[in-house]
Amino acid sequence: MTQVEIVKKFIEDNKLDFSGRGSELNGNCTTLAGFICYVLDKDPDNYLSSHGYEIISELDISTDAAVELERVFEYAYNNYYEKFWKTPAAKKEYIF
Numbered sequence: 000m001t002q003v004e005i006v007k008k009f010i011e012d013n014k015l016d017f018s019g020r021g022s023e024l025n026g027n028c029t030t031l032a033g034f035i036c037y038v039l040d041k042d043p044d045n046y047l048s049s050h051g052y053e054i055i056s057e058l059d060i061s062t063d064a065a066v067e068l069e070r071v072f073e074y075a076y077n078n079y080y081e082k083f084w085k086t087p088a089a090k091k092e093y094i095f
C-alpha cells in the first residue's frame with residue numbers, strides 16, 4: 000500500500016470530512032496532518048516534508064481544505080505531531 004493509499008484509507012475509516020469550515024475543518028486537517036507526519040516517519044537526516052505536500056496534492060479535497068491542510072501540515076511537521084500516533088491513545092481514538 001502506498002503512502003497516499005494509507006492516508007486515503009485513514010480518511011475513509013475515520014470518516015474525516017473536509018467540506019466544513021472554521022474549527023471543524025481545522026480539526027480534521029490537524030488530525031490528518033499529524034497522521035501524514037506519522038506515515039512519513041520523519042527521518043532527521045532527510046527533509047521529507049515535500050512528500051507530505053505530494054500526498055496532500057493527491058487527495059480528493061476542496062481547494063480550501065487543501066490550503067488549510069498544507070498550512071497545518073507545515074506546523075505539525077515542524078512540531079513532531081507524528082509522536083502522538085505512536086501512543087496507545089491514538090490507537091484507541093482512530094482506526095489505522
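The opening residue of the sequence shown carries number 0 in numbering that gives the first Met the number 0; numbering runs sequentially from there.
By construction, the Cβ of each residue, glycine as well, lies at the ideal position given by its N, Cα and C atoms.
Since the model is a prediction, treat every value here as computed from it, not as a measurement.
If you ignore the 5 residues before and after C36, its C-beta comes within less than 8 Å of the C-beta of G51, F72, A75, Y76, Y79, Y80, E81 and W84, all in its own chain and listed in chain order.
About 4 Å separates the CB atoms of D12 and I94; that is less than 8 Å, so the two are in contact. Residue V66 holds the alpha-carbon nearest to the alpha-carbon of C28 among K8, V66, S49 and L39. Under the 10 Å beta carbon count, T86 is surrounded by fewer than 16 other beta carbons and is classified as exposed.
With a beta-carbon spacing of about 23 Å, A88 and L24 fall beyond the 8 Å limit used to define contacts. In the DSSP assignment, D63 falls within the alpha helix (DSSP H) that extends over T62 to N77. Sequence-distant Cβ neighbours of L68 in its own chain, meaning closer than 8 Å and more than five residues away, are F17, C28, L31, A32, I55, L58 and I60. With distances taken between CA atoms, T62 lies nearest to R20 out of R20, I5 and K14.
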